[in-house]
Amino acid sequence: MAGKKRDKGKSHPTRPVRVGPTKWVRYSPDEIGALAAELARMGYMPSVIGIILRDQYGIPLVKSVTGMKLTKLLEKYGVKHPIPEDLLRLMARAVNLRKHLNEHPKDTASLRGLIEIESKIKSLIKYYKRVGRLPQDFEYSPSKAEIWVSQYLGTGVAATIQQALQQQSVQEAQ
1 MAGKKRDKGK
11 SHPTRPVRVG
21 PTKWVRYSPD
31 EIGALAAELA
41 RMGYMPSVIG
51 IILRDQYGIP
61 LVKSVTGMKL
71 TKLLEKYGVK
81 HPIPEDLLRL
91 MARAVNLRKH
101 LNEHPKDTAS
111 LRGLIEIESK
121 IKSLIKYYKR
131 VGRLPQDFEY
141 SPSKAEIWVS
151 QYLGTGVAAT
161 IQQALQQQSV
171 QEAQ
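Residues in the sequence shown are numbered consecutively from 1, following the UniProt record's numbering.
#1: Is it buried or exposed, A109, if we count other Cβ atoms within 10 angstroms and call 16 or more buried?
#2: Near I59, what residues of its chain come up, given a Cβ to Cβ distance below 7 Å and the 5 sequence neighbours on each side ignored?
#3: Among L101, V62, L35, S123, whose alpha-carbon lies nearest the alpha-carbon of L90?
#4: Touch check for the region 96 to 114 and the region 69 to 83: three-plus C-beta pairs under 8 Å?
#5: Run the CB neighbour count on S152, radius 10 Å, all protein chains shown included, and call it buried at 16 or more, exposed below.
#6: The ligand NAP heavy atoms versus the CB of P84: any closer than 7 Å?
#7: With C-beta atoms as the reference, is Y44 less than 8 Å away from P84?
#8: In three-state terms, what does DSSP make of Y57?
#9: Out of curiosity, what's the CA-to-CA distance linking L114 and G132?
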């Protein structure tokens with residue numbers, strides 16, 4: 001049986017070929033940092049900020065213009081999410097799967113998926129503790145994960161925008 005953790009994430013947009021800063025970007029690195037910090041204060045996660053900067057402001061890659069990745073840029077401007085986004089997204093998947101398993105307790109395939117997701121969560125936590133991104137006393141539990149997910153992903157501007165986009169796609173389908 002093939003490993004479950006390998007060969008994931010093949011779908012992605014093509015990166016710009018040019019390595020250096022593009023000449024047609026109208027924003028300076030300071031303006032991009034201020035824009036990104038403002039969006040982060042509004043409740044957007046770094047992945048969404050990158051999409052907004054690309055689609056609405058014409059900034060293909062933040063790193064090519066500013067010289068640093070978006071999360072480092074946000075840290076420089078004093079806007080740092082307490083939990084890394086990839087870990088938070090995995091926690092959201094685990095929370096949703098737990099809700100599903102409460103309604104369907106005999107779904108053993110989903111139970112196996114939950115075990116694998118929580119294994120990934122624990123591995124990421126161990127890594128982030130080692131590199132200093134999370135405090136050493138940080139511990140994962142399903143109840144804490146539900147609180148964190150509702151606090152950082154469930155409420156605020158990002159959730160409202162996501163609901164609006166879903167409603168828009170439903171209206172377009174009709």
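Note that beta-carbon positions come from the ideal geometry of N, C-alpha and C, so glycine has one too.
Put simply:
#1: Position 109 of the sequence shown, counting from 1, holds the residue named residue 109. Only exposed fits A109, as fewer than 16 other CB atoms lie within 10 angstroms of its CB.
#2: For the purposes of this step, residue 59 is identified with residue 59 of the sequence shown, where counting begins at 1. By the criterion of a C-beta distance shorter than 7 Å, I59 is surrounded in its chain by V25, Y27, I32, L53, V65, once the five residues flanking it on both sides are discounted.
#3: In the sequence shown, counting from the first residue as 1, residue 90 sits at position 90. Answer by Cα proximity: S123.
#4: Counting Cβ pairs under 8 Å, fewer than three are found: no touch.
#5: For this step, residue 152 is matched to residue 152 along the sequence shown. Rather than Ser, the amino acid found at residue 152 in this sequence is Tyr. So Y152 counts as buried.
#6: This structure does not include the ligand NAP; it has no bound ligands of any sort.
#7: Sequence index remark: in the sequence shown, residue 44 carries index 44 (1-based). Sequence index remark: in the sequence shown, residue 84 carries index 84 (1-based). Their beta carbons are not under 8 Å apart, which means Y44 does not touch P84 by this criterion.
#8: Here residue 57 refers to the residue found at position 57 when the sequence shown is read from its first residue. Three-state DSSP puts Y57 in a helix.
#9: Numbered from 1 along the sequence shown, position 114 holds the residue referred to as residue 114. Numbered from 1 along the sequence shown, position 132 holds the residue referred to as residue 132. C-alpha separation (whole angstroms): 26 Å.
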